[in-house]
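Take 1031 as the starting number for the sequence shown in the working numbering and just add one per residue.
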Amino acid sequence: MKMFNETTNKRKILIINGSPHKEGNTTYLLNTYIKNMPDDVEIIRMDLYNLLIKPCNDCRYCWINEGCVIKDDMKIIWNDDYDCIILASPVYMCNLTPPVISILSRLNMIWCNEFFLKKRNNFKFKKGILILSGGGTGNPDIAIRSAKILFKLLNAEFDENKNIICSLNTNNICAKEDKNIKKFIDDNL
Ligand SMILES: Cc1cc2nc3c(=O)[nH]c(=O)nc-3n(C[C@H](O)[C@H](O)[C@H](O)COP(=O)(O)O)c2cc1C
1031 MKMFNETTNK RKILIINGSP HKEGNTTYLL NTYIKNMPDD VEIIRMDLYN LLIKPCNDCR
1091 YCWINEGCVI KDDMKIIWND DYDCIILASP VYMCNLTPPV ISILSRLNMI WCNEFFLKKR
1151 NNFKFKKGIL ILSGGGTGNP DIAIRSAKIL FKLLNAEFDE NKNIICSLNT NNICAKEDKN
1211 IKKFIDDNL
């Protein structure tokens, strides 16, 4: 199992940020986490609201061809030489935000290539970390379930009891004031 980038010897981390707010709750959690990471990491950051990732339109190209016919910023994900994926998203309608769901829909290509073409996409084994913020106090189960599918398809190991940094009730207490966050972050460094 390769956990380091062979050329730079640095761990390569892909950040998928599904928040539209540069100074919002999710970005605060994400930036605080990154700030605490060791120096020997290379970070590739996708701020999804500034990128173009179209949703899957079920064109069925991947039923008979390898890969996806849509050429857009999804190429950063397909590049796949990452040791870790950090997925950060606010909770929208109990789920991850729409641009994250677009990514998720495009990962259907992996499933279709395998099912119809018997072609396995050998994604590098990596670690998955989920960062969530939610305005209410409702259980973010649905968002976590979606994240689990994303991590599984990209061959990222993810323990939902451990690898989550989550701040709920941000309508009343913003993530910056959330006292539980330090422990969540320390546990995931
Ligand atoms: C369209 C929309 C839907 C939302 N749905 C939920 C929800 O289902 N559950 C929840 O706890 N918060 C919900 N929220 C609140 C956000 O999750 C919350 O304000 C979050 O902290 C925003 O993160 P940000 O500051 O990074 O943008 C919703 C917000 C929006 C704009």
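In this text, a Cβ means the ideal position worked out from N, Cα and C, and glycines have one as well.
Give the secondary structure of L1078 by DSSP, where H, G and I count as helix, E and B as strand, and everything else as coil. As a first step, residue 1078 is located in the sequence shown; it is residue number 48 there, counting from the start. It is helical.
Under the three-state reduction of DSSP, which class applies to V1130: helix, strand or coil? Within the sequence shown, numbered from 1, the residue matching residue 1130 stands at position 100. Helix, per DSSP.
Hey, N1143 and G1166 are a contact pair by Cβ (cut 8 Å); roughly how many whole angstroms apart? Counted from its first residue, the sequence shown places residue 1143 at position 113. Counted from its first residue, the sequence shown places residue 1166 at position 136. Actually they are not in contact, since the Cβ atoms of N1143 and G1166 sit about 38 Å apart, beyond 8 Å.
Threshold first: 4 residues or longer. Then list the alpha helix (DSSP H) segments lying entirely within the stretch 1116-1202, N to C. 1128-1136, 1138-1147, 1171-1183
I want to check one thing, is the minimum distance from the CB of V1099 to the heavy atoms of ligand 1 below 7 Å? Start at 1 with the first residue of the sequence shown, and residue 1099 comes out as number 69. V1099 Cβ: outside cutoff for every heavy atom of ligand 1.
By Cβ distance below 8 Å, which residues in the same chain neighbour L1082 in space, the five residues on each side in sequence not counted? Position 52 of the sequence shown, counted from the first residue, corresponds to residue 1082. Around L1082: D1102, D1103.
Burial state of L1219 (16 or more Cβ within 10 Å): Residue mapping note: residue 1219 aligns to position 189 of the sequence shown, counting from 1. The residue in question, L1219, is exposed, as its Cβ has fewer than 16 Cβ neighbours within 10 Å.
Answer with buried or exposed for C1092, where buried requires no fewer than 16 other C-beta atoms within 10 angstroms of its C-beta. As a first step, residue 1092 must be located in the sequence shown, where it is residue number 62. With at least 16 other beta carbons inside 10 angstroms of its own, C1092 counts as buried.
Pick from L1126, D1111, K1182: whose alpha carbon is nearest that of K1040? Indexing the sequence shown from 1 puts residue 1040 at position 10. Among L1126, D1111, K1182, the Cα nearest to that of K1040 is on D1111.
Tell me the rounded alpha-carbon separation between P1170 and L1162. For the purposes of this step, residue 1170 is taken as the residue at position 140 of the sequence shown. For the purposes of this step, residue 1162 is taken as the residue at position 132 of the sequence shown. Across the structure, P1170 and L1162 are spaced so that their CA atoms are roughly 8 Å apart.
Mind checking which residues open and close the beta strand (DSSP E) that includes K1212? The sequence position of residue 1212 within the sequence shown is 182, counting from 1. Premise fails: K1212 lies in the alpha helix (DSSP H), 1211-1217, not in any beta strand (DSSP E).
Unbroken beta strand (DSSP E) run spanning K1042, endpoints: Mapped onto the sequence shown, residue 1042 falls at position 12. Note, K1042: beta strand (DSSP E), 1041-1047.
Pairs of beta-carbons, one from the stretch 1145-1163 and one from the stretch 1182-1198, closer than 8 Å: are there three or more? yes
Minimum C-alpha distance to A1173 - residue among K1105, I1074, I1131: Within the sequence shown, residue 1173 is the residue found at index 143, counting from 1. Per the Cα distances, I1131.
So A1118 and L1044 are supposed to be a Cβ contact under 8 Å. How far apart are they, rounded? Along the sequence shown, read from residue 1 onward, the residue named residue 1118 stands at position 88. Along the sequence shown, read from residue 1 onward, the residue named residue 1044 stands at position 14. The Cβ separation is near 11 Å, so there is no contact.
Excluding the 5 residues flanking P1085 on each side, which residues of the same chain have their C-beta closer than 6 Å to its C-beta? Start at 1 with the first residue of the sequence shown, and residue 1085 comes out as number 55. Answer for P1085: S1132, S1135, listed in chain order.
Give the straight-line distance between the Cα atoms of I1179 and N1202, rounded to the nearest whole angstrom. Working through the sequence shown from its first residue, we reach residue 1179 at position 149. Working through the sequence shown from its first residue, we reach residue 1202 at position 172. Distance between I1179 and N1202, taken at the CA atoms: about 30 Å.
In chain order, what residues of the same chain lie with their CB nearer than 7 Å to the CB of H1051, ignoring the 5 residues before and after it? The sequence position of residue 1051 within the sequence shown is 21, counting from 1. Taken in chain order, the residues that qualify are T1057.
Please classify V1121: is it buried, with 16 or more other beta-carbons within 10 angstroms of its beta-carbon, or exposed? One-based indexing of the sequence shown puts residue 1121 at position 91. By the neighbour-count rule (16 or more Cβ atoms within 10 Å), V1121 is buried.
Secondary structure, beta strand (DSSP E): runs of 3+ residues fully inside the stretch 1053-1110: 1071-1077
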